[in-house]
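Chemist: In the UniProt record's numbering, the protein residues as written are 1 to 61.
Beta carbons: idealized from backbone N, C-alpha and C, even for Gly.
Small disclaimer: the values here were computed from a predicted structure and weren't measured.
Before we start, here is the structure in question, set down as structure tokens.
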């Protein structure tokens, strides 16, 4: 699969993509969008889907 580990994918958009077995570990994925994608077996370990706006506040996608 594709390797997106440690990538900055903020606000990225994937449409009709073959992403089976892709590696998204440790990637920044706040605001990411997957539409009609095959994500079977994709690795999202330690992937960040939040955005820190202050010491105590986060926005999550």
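Here's a check: name, in chain order, each residue in its chain whose Cβ is nearer than 7 angstroms to the Cβ of residue 18, leaving out the five neighbours to either side.
Modeler: Here residue 18 is taken as the residue at index 18 of the chain shown, counted from 1. The answer, listed in chain order, is 38.
Chemist: Do you know whose CA, among 30, 55 and 59, lies nearest residue 44's CA?
Modeler: In the chain shown, residue 44 corresponds to position 44, counting from 1. Looking at the Cα atoms, 30 is the closest of the given residues.
Chemist: Give every residue of the same chain whose Cβ lies closer than 6 angstroms to the Cβ of residue 50, excluding the five residues on either side of it in the sequence, and list them in chain order.
Modeler: In the chain shown, counting from the first residue as 1, residue 50 sits at position 50. Here the set comprises 58 and 60.
Chemist: Give me the Cα-Cα distance between residue 46 and residue 2, rounded to the nearest whole angstrom.
Modeler: Taking the first residue of the chain shown as position 1, residue 46 is located at position 46. Taking the first residue of the chain shown as position 1, residue 2 is located at position 2. The alpha-carbon atoms of residue 46 and residue 2 are separated by roughly 17 angstroms.
Chemist: Do you know whose CA, among 41, 48 and 54, lies nearest residue 26's CA?
Modeler: Numbered from 1 along the chain shown, position 26 holds the residue referred to as residue 26. It is 48 whose Cα lies nearest to the Cα of residue 26.
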